[in-house]
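According to my numbering, the stretch in the sequence shown is residues 987 to 1079, in order.
Backbone N, C-alpha and C define an ideal beta-carbon position, used for all residues, glycine too.
Note sheet for the following structure.
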Amino acid sequence: MFYNVENLFDTRNDTLKEDDQFLPEGFMHWTPYKYWTKLRNLTRVITAVGEMYSPALIGLCEVENDSVIFDLTKRSPLRAQEYQYIVTDSPDE
987 MFYNVENLFD TRNDTLKEDD QFLPEGFMHW TPYKYWTKLR NLTRVITAVG EMYSPALIGL
1047 CEVENDSVIF DLTKRSPLRA QEYQYIVTDS PDE
């Protein structure tokens, strides 16, 4: 499964990323509630894709950092799938 998650950012400022609009005081007013709601919705989509089984391999793009993937794979119902992850940093062009 490959999925463009469209700007999956946490709520913490990262000076190495252009994440200003995804902060609580930013344009998107990106709060912990919005962040966890997005993770919950992504979990539902990923789970629904496999009908009987969750996908064995998932590729995601537009993810801010590995802590976001950690939250998705280890702090959501997806943790039961025991997904491992690799993060490759690349510019959003």
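Can you name, in chain order, every residue of its own chain whose Cβ lies under 7 Å from the Cβ of residue i, other than the five neighbours on each side?
i	result
leucine 1025	Asp1057, Leu1058 and Ser1062
asparagine 999	Asp1005 and Leu1009
For residue i, name the three-state secondary structure that DSSP assigns.
i	result
tyrosine 989	strand
valine 1049	strand
leucine 994	strand
valine 1054	helix
threonine 1001	coil
What residue range is occupied by the uninterrupted alpha helix (DSSP H) comprising residue i?
i	result
arginine 1030	1018-1035
Starting from the C-beta of residue i, find all residues in its chain whose C-beta is less than 6 Å away, skip the five residues before and the five after it, and write them out in chain order.
i	result
glutamine 1007	Phe1013 and Met1014
Given 8 Å, three or more beta-carbon pairs between the segment 1029-1043 and the segment 1058-1069: A contact exists between the segment 1029-1043 and the segment 1058-1069.
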